[in-house]
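These notes are about the structure you will find just below.
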Amino acid sequence: MSSLSRSGTWKLSSPKLGATSAMGDVGSIEGPSSTAHTDLLDAALPDSTNLMVERYSKYLSLVKNLESFTDNYLVVLSASTKNHEKLKSKNATEQIPNFESHPGSDVPVSGSTAAVKRAETQDDVVMDVNNFMEALRMKIDFLHTNSQEAESAIKTQVLPEFKKLQEQILTRQKDFIQMSTKEQKELKKLTSASSKEMAKLDDSIQAFEITAERGKVDYHRDPYLINRALLYHAEGQVQKENAHIDFLESNELTLKILESQIMEILKKIFNTLSNILSNYYGSQVNVFQELNTKLSSIPNDLEWEKFKQKNADHLVLSSSTDPGIENAMDQLSLNGVSTGLSKPVFEPAKNSLKRDIDAITYKNKDHQATSPILEGILMKKGGHLSKKYTSAYYVITRSRYLLEFPSRAVDSYQPSLILYLPECFLKDENKDGKFKFIVQGKDISSMLIKTKKNYTFKASSSDEYLTWFNVISEVSGLMHTNAEIRTASLIKSDDEITDDESSTTTAPAPAPATATL
Numbered sequence: 001m002s003s004l005s006r007s008g009t010w011k012l013s014s015p016k017l018g019a020t021s022a023m024g025d026v027g028s029i030e031g032p033s034s035t036a037h038t039d040l041l042d043a044a045l046p047d048s049t050n051l052m053v054e055r056y057s058k059y060l061s062l063v064k065n066l067e068s069f070t071d072n073y074l075v076v077l078s079a080s081t082k083n084h085e086k087l088k089s090k091n092a093t094e095q096i097p098n099f100e101s102h103p104g105s106d107v108p109v110s111g112s113t114a115a116v117k118r119a120e121t122q123d124d125v126v127m128d129v130n131n132f133m134e135a136l137r138m139k140i141d142f143l144h145t146n147s148q149e150a151e152s153a154i155k156t157q158v159l160p161e162f163k164k165l166q167e168q169i170l171t172r173q174k175d176f177i178q179m180s181t182k183e184q185k186e187l188k189k190l191t192s193a194s195s196k197e198m199a200k201l202d203d204s205i206q207a208f209e210i211t212a213e214r215g216k217v218d219y220h221r222d223p224y225l226i227n228r229a230l231l232y233h234a235e236g237q238v239q240k241e242n243a244h245i246d247f248l249e250s251n252e253l254t255l256k257i258l259e260s261q262i263m264e265i266l267k268k269i270f271n272t273l274s275n276i277l278s279n280y281y282g283s284q285v286n287v288f289q290e291l292n293t294k295l296s297s298i299p300n301d302l303e304w305e306k307f308k309q310k311n312a313d314h315l316v317l318s319s320s321t322d323p324g325i326e327n328a329m330d331q332l333s334l335n336g337v338s339t340g341l342s343k344p345v346f347e348p349a350k351n352s353l354k355r356d357i358d359a360i361t362y363k364n365k366d367h368q369a370t371s372p373i374l375e376g377i378l379m380k381k382g383g384h385l386s387k388k389y390t391s392a393y394y395v396i397t398r399s400r401y402l403l404e405f406p407s408r409a410v411d412s413y414q415p416s417l418i419l420y421l422p423e424c425f426l427k428d429e430n431k432d433g434k435f436k437f438i439v440q441g442k443d444i445s446s447m448l449i450k451t452k453k454n455y456t457f458k459a460s461s462s463d464e465y466l467t468w469f470n471v472i473s474e475v476s477g478l479m480h481t482n483a484e485i486r487t488a489s490l491i492k493s494d495d496e497i498t499d500d501e502s503s504t505t506t507a508p509a510p511a512p513a514t515a516t517l
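Per UniProt numbering, the sequence shown starts with residue 1, numbered consecutively.
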């Protein structure tokens with residue numbers, strides 16, 4: 001993973017988890033494995049941000065303490081026995097972070113008398129960072145020899161590498177905090193937007209239940225429209241939640257790799273320190289050799305595995321169902337990593353925490369007012385001068401609006417045409433099997449003052465024509481007698497109709513209506 005060049009320079013590399021394990025591709029992107037319905041505003045997602053920041057801080061503290069130990073040891077080398085006592089009194093490694101113990105084990109706190117006694121009496125203890133630091137503290141009393149040459153070597157080959165490693169860990173921590181803060185702000189903004197739309201839907205449902213049967217409902221408060229808008233915002237929120245899960249999972253895996261690299265680099269730096277001191281200590285050479293053996297015996301991912309077991313309920317990675325994730329380290333060769341921390345790149349993985357928009361529930365989602373009376377594709381020609389028909393998606397809502405959308409997809413939730421059918425007139429134009437009818441009304445999709453206009457619609461079949469004609473007839477209240485039909489059969493041209501005109505027109509009902517209000 002890391003190496004020391006002849007010039008004594010360490011460099012952090014950037015491995016990528018691009019290999020495919022026997023169980024699956026780490027970089028594959030799959031959707032959520034669960035279809036259980038969850039509340040839109042109550043995702044209950046674990047957030048490992050603070051844990052990750054604290055984890056970086058622990059390793060910063062670890063490196064700082066090792067640097068502090070080495071720096072203070074130079075004082076010991078220059079002042080011999082007296083300064084050894086000073087080193088002991090300063091207790092340079094006292095502030096070492098206490099990493100997680102093995103699950104189920106009764107391990108004393110690092111630095112305590114019980115921990116020292118345990119380290120002295122038990123040779124078969126499973127080695128980890130805590131136990132290594134206890135052993136290091138215990139061996140300080142054995143270091144007694146003064147050597148200017150060793151002091152110079154430590155100053156030039158060991159201490160600079162600790163400082164460099166600290167800077168790199170701190171940079172990674174700052175980058176993660178910055179990106180995480182941005183992610184959280186964006187997710188909070190999208191969640192807030194969904195919450196507002198949900199409140200608007202609730203209000204519109206209440207208004208619909210009170211006024212829809214007795215009077216006109218403002219199309220801005222049409223529950224169907226508001227529900228489409230809510231779905232639009234909800235989809236954005238869920239996509240961001242899933243992206244945030246990918247972000248956290250990627251950074252958790254990144255930290256796992258970085259921890260291994262940190263441990264590898266610390267081993268190499270400490271190995272250098274051990275060799276320098278061993279050359280000058282004679283009978284004491286075994287002290288640092290033993291320490292080096294202890295540190296080298298710690299698996300690179302041992303601390304991560306203990307950390308993950310203890311914090312399984314708070315780590316997104318614990319919910320990953322991609323088998324390739326657990327085998328990521330098996331695909332990474334640490335031998336080729338230089339002395340720098342790399343920045344692994346991960347593709348979104350299959351995780352049970354991810355949600356699907358189809359499995360989202362919220363209040364009034366299935367209320368009758370949010371479902372249309374009739375919906376489908378029609379061809380439309382606007383105005384008597386236009387000869388070209390265009391295809392669009394049309395909806396008749398329970399509030400008696402005829403709405404036009406580019407497609408059925410909710411990303412186009414703002415209608416391009418809005419006609420309030422009770423204020424429109426209908427004429428049958430079904431001649432020569434052309435399946436056409438005309439709706440005369442005023443488009444209220446914008447604030448601009450518009451005159452009434454003829455909109456010619458064409459269906460693709462006789463059954464489709466009859467369905468649309470009958471539903472519009474019933475919704476608009478134009479199911480009249482034959483005498484009324486003959487009286488109101490004429491529709492004025494677009495140029496002759498204004499907002500003040502109150503002309504009456506209707507059309508015969510070709511067949512009974514197929515939908516009811």
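Cβ coordinates follow ideal geometry from the N, Cα and C atoms, glycine included.
Going along the chain, which residues of its own chain have a beta-carbon closer than 6 Å to the beta-carbon of residue i, five neighbours each way excluded?
i      : result
Asn247 : It is Phe, not Asn, that sits at residue 247 in the sequence shown. Excluding sequence neighbours, Phe247 sits near Glu183.
Lys256 : Trp304
Val410 : Arg228, Leu231, Tyr232
Ser297 : Met127
Phe437 : Asp428, Glu429, Phe457, Phe469
Glu197 : Ala229, Leu230, His233
Asn271 : Asn292
Ile262 : Tyr59
Ser318 : Ala312
Met447 : none
According to DSSP, residue i sits in a beta bridge with which residue or residues?
i      : result
Ile377 : Tyr393
Leu403 : Val395, Ile418
Ile360 : Thr38
In chain order, what residues of the same chain have a beta carbon less than 7 Å from the beta carbon of residue i, not counting five sequence neighbours either side?
i      : result
Gly236 : Leu190
Ile269 : Val158, Glu161, Phe162
Thr211 : Val217
Lys240 : Glu186, Leu187, Leu190
Ala36  : Ala359
Ser445 : Pro415, Ser416, Leu417, Ile418
Asn251 : Met52, Phe176
His367 : Ile205, Pro223
Considering only residues of the same chain and omitting the five flanking positions on each side of residue i, which have a CB-CB separation below 8 Å?
i      : result
Lys58  : Pro97, Phe99
Leu51  : Asn311, His314, Leu315
Ile377 : Ser391, Ala392, Tyr393, Tyr394, Ser460
Asp301 : Lys256, Glu259, Ser260, Met329
Lys365 : Asn227
Lys363 : Met198, Leu201, Asp202
On the premise that residue j lies in contact with residue i, defined as a C-beta separation below 8 Å, what is that separation, rounded to the nearest angstrom?
i      : j      : result
Tyr393 : Ile418 : Between Ile418 and Tyr393 the Cβ distance is about 14 Å, and since that is not below 8 Å, they are no contact.
Phe435 : Ala459 : 4 Å
Leu201 : Asn227 : 6 Å
Glu151 : Leu66  : Actually they are not in contact, since the Cβ atoms of Glu151 and Leu66 sit about 17 Å apart, beyond 8 Å.
Ala359 : Thr70  : About 55 Å; that fails the 8 Å criterion.
Ser476 : Pro422 : 6 Å
Thr456 : Lys380 : 7 Å
Val63  : Leu165 : 5 Å
Pro372 : Tyr465 : Not a contact, Cβ separation roughly 18 Å.
Leu273 : Gln168 : No, Leu273 and Gln168 are not in contact; Cβ-Cβ is about 19 Å, not under 8 Å.
Asp222 : Ser204 : 7 Å
How would you call residue i, buried or exposed, if buried means at least 16 neighbouring beta carbons within 10 angstroms?
i      : result
Val439 : buried
Arg408 : exposed
His220 : exposed
His244 : buried
Pro406 : exposed
Leu277 : buried
Met23  : Residue confidence is low: Met23 scores 34 on pLDDT, short of 50, so the model does not pin down where it sits. Its coordinate-derived value is still stated next. Classification of Met23: exposed, given that the 10 Å Cβ count is below 16.
Lys427 : buried
Glu209 : exposed
Glu249 : buried
Ser180 : buried
Gln173 : buried
Asn351 : buried
Lys82  : exposed
Tyr420 : buried
Inset, instruction - Output the residue ranges of the alpha helix (DSSP H) runs that lie fully inside the stretch 415-480 and measure 4 residues or longer, sorted by chain position. - result: DSSP runs (the alpha helix (DSSP H)) wholly in the stretch 415-480: 462-476.
Inset, instruction - For the stretch 208-249, list the alpha helix (DSSP H) runs that are entirely contained and at least 4 residues long, ordered along the chain. - result: Qualifying alpha helix (DSSP H) stretches: none in this window.
Legend entry - Uninterrupted beta strand (DSSP E) stretches inside the stretch 120-200 (no shorter than 3 residues): none
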